[in-house]
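Asker: First the structure, then my questions, so here it is.
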Amino acid sequence: MKKLFNSRGVRLCTLKLSLKMKLTVLLTIISLFQIQANSYSQSKKISLNMPNATVQEVIQEIEELSDYKFLLNRKDVDVTRGVSIKVNKKLITTILDELFNGTNIRFEVLNKQIILKKAKIPIEKNIKLSQIGQTLNNLDQFQISGTVTDQDGTPLPGANIVEKGTTNGVTADFDGNFTIEVSDTNTTLVVSYIGFSTKEVSLDGKTSINVQLTESAAGLDEVIVVGYGVQKKSDITGAVSNISEEKLQSRPTANFSDALQGRSSGVQIRQSGGDLDGKFQIAIRGVGSVTGSNDPLIVVDGVPLISASFSTINPRDIASIDILKDASATAIYGARAANGVVIISTKKGKIGKPQLTYSSDVSIEHISNRYDVMSTEEQRLLFVEAFKNSNRSTAVYDDPSNPIWQIDTDWQDIGTRAGIRQIHNVNYSGGSEKSQYSATASYESRTGVLLNTDLKTYSLRTNLSTQVNDWLKISTNITGSYQPQNYSDGDNWGAAGYRGFAYQHSYTDAYDENGELAGVGTASAPYFGANTNPLVPLLLPTRERNTTRILGNFQANIKLMDGLFFNTNLGGDLVQVEGYNYTPLYEIGRMINTQGSVTVSNNSDTNWVADATLDYTKEFDKHNLKLLVGVSAQQFLLRRTSAFGTGTIDNALNQLSNQTSFNSTGSNVKGGLASSFARLNYGFDNRYLLTATVRRDGSSRFGPDKRFGIFPSASVAWRVSQENFLKNSEVLNDLKFRVSYGLTGNQNIGNFEFITRAASTPYVFGNTVAVGNSASNIGNPSLQWEANKQLDIGVDFALFKSRISGTIDYYDKKSEDLLIQNPIPLTTGVPNPPIVNIGSVRNSGVEFAVFTRNLTGKFKWSTDFNIAFNKNEVLDIGSNSAGEPLEIPGQNIPLSNVPTNLTVAGHPVGAFNMYVYDGIWQLGEEDEAAAWFNAVPGDPKYKDVNNNGVLDAGDRTFVGNPHPKYIGGMDNTFSYNNLSLSVFLNFAKGNKLYNTARNLFSRGVPFVQNFSEASDFWTPDNPSATAPRPSQGGTTTTLATLASTRFLEDASFLRVKNVALTYDFPDTIFEKSFINSAQFTVSATNLFTFTKYTGLDPEASSRESLLSAGIDYTPYPNTRQFNLGMKIGF
């Protein structure tokens, strides 16, 4: 048996002092990979069953069962005191807390050493007896230690522990352990954690505590932003999705669309390529409008935006994103809410000590996909065949030893590079119970994967909230940003961009022997067609765009009486975009530009909003009543100016004032919205819930007689889980049924379409240029809102202590009185047809979202999954002036110069309508082929849909849907100790995408570079070929160019969107240093894509108009990104 005490009562042992190392931040990061385990005291658990024992016997037993050694003075510690203790696999801090509970003995655990000592009380001379109690409550700082766990004993890392009534607070480490110094051992600690109910723990003299938090069912205590206020999740009666800060920060996001994509059921993000300023469109629950906008209303900190520029919004500033989807949730925004509402809340200061946080992300980007093009030798063989089929000489192409055929340039490699992105953020935040503050400075630098493209963003955001007195609270949010950018016109078919590098033949050089840009098309060279060096339009012109933005608001909350508050919000969003484009003089081979040009533009959007609301809350008996009434006014001013000049005589004279010929355009549009609204929330016994909303909007976009609209909604919910027969269920923690119905509006058309406007047009009169005015449109004074009527039936549920929770929604959304341009004869001389209210569109579908905590022990695994099915159909679209059913075509696509999309009743908006490719005409079919546009064997073959024996417009038919049948996303998060892994997938199924690149590069014509698929071309000896015979001009080329299902592809995909591995440094390594937390992340974005689509990206859609959705014009290519990130707290 071990001897516990020596004769002097002090244990003979030597304290082991840990070595302090002053490391730099870099060495600290490197040490991440050397940390193997937590300290002994944080992991060793002991079981004891000792009734009627002494303190000495308990200490002796602990030393027998572990490596712990005790240091104490028996004069201070009564080791003969009788105790009874029974614990099962508990940490030493828990055991000691129970052992010395109610005594004046303090303990301190230093890894394997335990120091027991008596709490010291400062003694003053001549102290009065009456002061003793006061003195006991004013001791020097006491150290309180403990552990925070859930109901199963699983540690809750990052839990907040705050001394009530002060700013003194700490967070639990990865094992749930914490240590906090307090001024009074009788104080109360407030312990909170996301998804759990907050708990207040009174110390009552204890110096060690164990806190067990109870999970709030499916996060029912979470607060959701619902428009002009917040509600607890449990009280929501509409269809609302929330993306919390925890989810947003679980993986690196470069822009707002990345943060939103795949996170919420029924929300589709349509990317228009990986352009540096992040162009995208959002669709919530399908396509509700035909020619009007389908964009949802975006609200940032109470300010509704009118500018679609989101690249200036810093994703790291976002605290939460709430998506309002049904009429009950969106009706509070009335006329602008037909397409849903996305509410962005930015981060705010929190009560606690000031914290300085620095985060950095560095990414390398590469094009995630590239076209498979022919080699030079494959091109030569195709040329030989094409010129034979066109009865032209092949002499230039028959000799493979010609030096020109020895060149094999990889243009896609030459025109691109590895992009580099750096994002740096510094945040300073903190606050007391009265005032909280937060300030963030950020810098982003991005070098594009296309040459001569780059972007930088500088931003500063401040937030301050102050409780001035008992009745007044004020807050401000201000964000300023400046974003200079050099861009490419990659989204335009004929402009500089990635398409040009697929267009150019491989047997041409990019640079000459002097390293200068090379020209093409010399007399001795083979066929070059219309090719030019694609580096010239990309590198020589200057394309600059500078965006300045100030977004912010001021809010005041005034308490008029108990339960009654007056709130006001004054906000503004000012966006200014300055553009400068210069095309220089140059002569490079046959590429000659003898007249330089300058374009200078200045666009500004000014948006002001003012809201005032009265908010009344009353609880009595089992009733809960909340009433909101308010008014809102929004004013916007849109200015557009552009000046164009030509006549540059020297590239050094590249300013507008140096030009000799000028032209300018401009517009100045002012408008606004005046509104009043009310919302009633009623709950009975936390079981039966009612929400009723009404809003009246007046918009300047409609005529005086149609300016105002009223938009009501109502919803009810039944929390079945609160009924007595389910209230104590161990399986079902929450069950709520919801039903809502309401009306919202859509005003997303141009301004002042209700009046006929004039435009100035220059023309030649005699020998001079005069300017005249003519009608630019035909006004419609009867124009009014699109009306969106929506029914939603939903279920919210949580099972097995909320280990499984989710929502199911069925919706039926009908848009009526669509805002549609009604075609008119060209003989009217008016370029823009009138907009009228005709037709209707229906979207119906089912949304399902589920969150599961699959494993909850030391190794954790959770899954967040959502999927949404939607059916879109045009019910009615009216008729034209001749009484015929209206058909609205999409934009003409290049080469075939016909639209591929057609919007008619009975089909989805923008449905694909084209010829049906039916293979290749074969030998023996000459007579039949001749009737089809004089085709011959080897030419493309198309189905005779109308059975009239010839190929004509009647053979075009509906062949596909540009909108997916279902979309979704899945996020799996795994964690073990300080390490976590997040794997995020998103997917879509059932939509088609027209590949215009294949239409151009797989026709088998020498005019352009051809894709490799064209090398398997038809010949009499290869009748089973996949591609028609090549030719240079004539019938074959015409037939190969037709818009058909040959180039319409399945765009369904499953994408590994993001994989992130994160390590959180243990707090113990930062003790007594200026660093209190650190995190290191390695991640990859757009890692893999599984799809049948042969283009660059199955999500690409280069046209904003939904009438021409699903057409891939080869926009700025999407990228695969590899990222290193770090976050350090001070």
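With full-length UniProt numbering as the guide, the letters of the sequence shown map in order to residues 1 to 1130. We treat Cβ as the ideally placed atom computed from N, Cα and C, and that holds for glycine. None of these values were measured; they are calculated from a predicted model.
Work out the CA separation of Asn947 and Trp932 for me, nearest whole Å.
Answerer: For the purposes of this step, residue 932 is taken as the residue at position 932 of the sequence shown. For the purposes of this step, residue 947 is taken as the residue at position 947 of the sequence shown. Their Cα atoms are separated by approximately 12 Å.
Asker: By Cβ distance, which residues of its chain are closer than 6 Å to Asn546, with the 5 residues on each side in sequence left out?
Answerer: For this step, residue 546 is matched to residue 546 along the sequence shown. Cβ within range, chain order: Pro484, Glu578.
Asker: Contact between the region 867-878 and the region 276-295: three or more CB pairs below 8 Å?
Answerer: Yes, they touch.
Asker: What number of angstroms, rounded off, separates the C-alpha of Glu385 from the C-alpha of Asp864?
Answerer: What you label residue 385 is simply residue 385 of the sequence shown in a count that begins at 1. What you label residue 864 is simply residue 864 of the sequence shown in a count that begins at 1. C-alpha separation (whole angstroms): 55 Å.
Asker: Quick test of your reading: residue 1141 and Gly672, contact by CB under 8 Å. State the CB separation rounded to the nearest angstrom.
Answerer: Outside the displayed range of the chain (1 to 1130) lies residue 1141, so it cannot be described from this structure.
Asker: Spatial neighbours of Ser264 within its chain, please: CB distance less than 7 Å, with the 5 preceding and 5 following residues excluded, ordered by chain position.
Answerer: Along the sequence shown, read from residue 1 onward, the residue named residue 264 stands at position 264. These residues qualify, in order along the chain: Ser241, Ile243, Ile323, Asn866.
Asker: Please name the residue in Ile808, Asp562, Ser435, Ile710 whose C-alpha comes closest to that of Asn788.
Answerer: In the sequence shown, the residue the question calls residue 788 occupies position 788. Per the Cα distances, Ile710.
Asker: Who are the near neighbours of Asn854 in its chain, counting only those whose CB is closer than 7 Å to its CB and skipping five residues on each side?
Answerer: Translated into positions along the sequence shown, residue 854 becomes position 854. The residues are Trp861, Ser862, Thr863.
Asker: In the DSSP assignment, find the alpha helix (DSSP H) that holds Glu1099 and state where it starts and stops.
Answerer: The residue given as residue 1099 occupies position 1099 in the sequence shown. Careful: Glu1099 lies outside any alpha helix (DSSP H) and carries neither H nor E.
Asker: Quick check: Val373 and Gln1009, are their CB atoms within less than 8 Å of each other?
Answerer: On the sequence shown, position 373 is the one that residue 373 refers to. On the sequence shown, position 1009 is the one that residue 1009 refers to. Contact flag set, yes.
Asker: Under the DSSP definition of a beta bridge, which residues are partnered with Ile209?
Answerer: Within the sequence shown, residue 209 is the residue found at index 209, counting from 1. Answer by DSSP bridge pairing, in chain order: Gly146.
Asker: Could you give the distance in angstroms between the alpha-carbon of Thr613 and the alpha-carbon of Leu1124?
Answerer: As a position in the sequence shown, residue 613 is number 613, starting the count at 1. As a position in the sequence shown, residue 1124 is number 1124, starting the count at 1. One C-alpha to the other measures close to 45 Å.
Asker: Please classify Ile332: does DSSP put it in a helix, a strand, or coil?
Answerer: Working through the sequence shown from its first residue, we reach residue 332 at position 332. Helix.
Asker: Apart from the five residues on each side of it in sequence, which residues of its chain come closer than 7 Å, Cβ to Cβ, to Ala441?
Answerer: By 1-based counting over the sequence shown, the position of residue 441 is 441. So the list reads Val426, Leu460, once near-sequence residues are dropped.
Asker: Out of Val362, Val148, Ala395, which one is the CA nearest neighbour of Leu91?
Answerer: Taking the first residue of the sequence shown as position 1, residue 91 is located at position 91. Out of Val362, Val148, Ala395, Val148 has the C-alpha closest to the C-alpha of Leu91.
Asker: Where Asn1076 and Phe702 are concerned, what is the direct C-alpha to C-alpha distance, given to the nearest angstrom?
Answerer: The sequence position of residue 1076 within the sequence shown is 1076, counting from 1. The sequence position of residue 702 within the sequence shown is 702, counting from 1. Using only the alpha carbons, I get a separation of about 58 Å.
Asker: To the nearest angstrom, report how far apart Phe1090 and Asn748 are at their CA atoms.
Answerer: Here residue 1090 refers to the residue found at position 1090 when the sequence shown is read from its first residue. Here residue 748 refers to the residue found at position 748 when the sequence shown is read from its first residue. Computed Cα separation, rounded: 36 Å.
Asker: Considering only the beta carbon of each residue, do Ser840 and Ser328 sit closer than 8 Å?
Answerer: As a position in the sequence shown, residue 840 is number 840, starting the count at 1. As a position in the sequence shown, residue 328 is number 328, starting the count at 1. Cβ atoms of Ser840 and Ser328: not closer than 8 Å.
Asker: Taking Cβ positions, are residue 1148 and Ser66 nearer each other than 8 Å?
Answerer: Outside the modelled stretch of the chain, which goes from 1 to 1130, sits residue 1148, for which no answer is possible.
Asker: Using the three-state DSSP reduction, which class does Gln406 fall into: helix, strand or coil?
Answerer: What you label residue 406 is simply residue 406 of the sequence shown in a count that begins at 1. In this structure, Gln406 counts as helix in the three-state DSSP scheme.
Asker: Considering only the alpha carbon of each residue, which of Lys434, Ser506, Asn486, Tyr498 lies closest to Ile474?
Answerer: The count along the sequence shown starts at 1 and reaches residue 474 at position 474. Minimum Cα distance to Ile474 is reached at Lys434.
Asker: Go through its chain and collect everything with a Cβ distance to Lys118's Cβ below 7 Å, but skip five positions before and after it.
Answerer: Translated into the one-based positions of the sequence shown, residue 118 becomes position 118. Asp76, Asn104, Ile105, listed in sequence order.
Asker: Distance check for Lys89 and Glu61, CA to CA, integer angstroms please.
Answerer: Translated into the one-based positions of the sequence shown, residue 61 becomes position 61. Translated into the one-based positions of the sequence shown, residue 89 becomes position 89. If I take the Cα positions, the gap works out to 14 Å.
Asker: Considering just the uninterrupted stretch of the beta strand (DSSP E) at Lys388, what are its terminal residues?
Answerer: Here residue 388 corresponds to residue number 388 of the sequence shown, with the count starting at 1. Per DSSP, Lys388 belongs to no beta strand (DSSP E); it is in the alpha helix (DSSP H), 376-389.
Asker: Can you give the Cα-Cα distance for Arg695 and Val950, rounded to whole angstroms?
Answerer: Locating residue 695 in the sequence shown gives position 695, where the first residue counts as 1. Locating residue 950 in the sequence shown gives position 950, where the first residue counts as 1. Going from the Cα of Arg695 to the Cα of Val950 covers about 57 Å.
Asker: Considering only residues of the same chain and omitting the five flanking positions on each side of Ile558, which have a CB-CB separation below 7 Å?
Answerer: Against the sequence shown, residue 558 aligns to sequence position 558. Counting only Cβ-Cβ distances below 7 Å, and skipping sequence neighbours, we find Trp471, Leu472, Phe565, Phe566.
Asker: Only counting the same chain, and skipping five residues up and downstream in sequence, which positions put a Cβ closer than 6 Å to that of Asn681?
Answerer: Working through the sequence shown from its first residue, we reach residue 681 at position 681. Excluding residues within five positions, the ones whose Cβ falls inside 6 Å are Lys626, Thr691.
Asker: Please state if the CB of Asp1112 and the CB of Tyr994 are separated by a distance shorter than 8 Å.
Answerer: Numbered from its first residue, the sequence shown carries residue 994 at position 994. Numbered from its first residue, the sequence shown carries residue 1112 at position 1112. For Tyr994 and Asp1112, yes; Cβs fall inside 8 Å.
Asker: Look up Asn751 in the DSSP assignment and say whether it is helix, strand or coil.
Answerer: Counting from one through the sequence shown, the residue named residue 751 turns up at place 751. Here Asn751 sits in coil by DSSP.
Asker: Does Asn101 come out as helix, strand or coil in the three-state DSSP assignment?
Answerer: Within the sequence shown, the letter at position 101 stands for residue 101. It is coil, neither helix nor strand.
Asker: Under a Cβ-count criterion, where at least 16 other Cβ atoms within 10 Å of its own Cβ denotes burial, should Gln151 be classed as buried or exposed?
Answerer: Residue mapping note: residue 151 aligns to position 151 of the sequence shown, counting from 1. That one is exposed.
Asker: Look up Gln659 in the DSSP assignment and say whether it is helix, strand or coil.
Answerer: For the purposes of this step, residue 659 is taken as residue 659 along the sequence shown, with counting starting at 1. The answer is coil: DSSP assigns Gln659 none of H, G, I, E or B.
Asker: Please go through the same chain and pick out, in chain order, the residues whose beta-carbon is closer than 6 Å to the beta-carbon of Arg639, but skip the five residues on each side of it.
Answerer: Along the sequence shown, read from residue 1 onward, the residue named residue 639 stands at position 639. Cβ neighbours of Arg639 beyond the five flanking positions: Ser604, Asn668.
Asker: Hey, Thr1037 and Ile367: beta-carbon distance below 8 Å or not?
Answerer: The residue you call residue 1037 lines up with position 1037 of the sequence shown. The residue you call residue 367 lines up with position 367 of the sequence shown. Not a contact, by the Cβ cut-off of 8 Å.
Asker: Could you tell me how far apart the beta carbons of Ser208 and Asp78 are, in whole angstroms, since I believe they sit closer than 8 Å?
Answerer: The count along the sequence shown starts at 1 and reaches residue 208 at position 208. The count along the sequence shown starts at 1 and reaches residue 78 at position 78. At roughly 19 Å, the Cβ-Cβ gap does not stay under 8 Å, so Ser208 and Asp78 are not in contact.
Asker: For a test of the three-state rule: what should DSSP assign to Trp411, helix, strand or coil?
Answerer: Along the sequence shown, one-based indexing puts residue 411 at 411. Here Trp411 sits in helix by DSSP.
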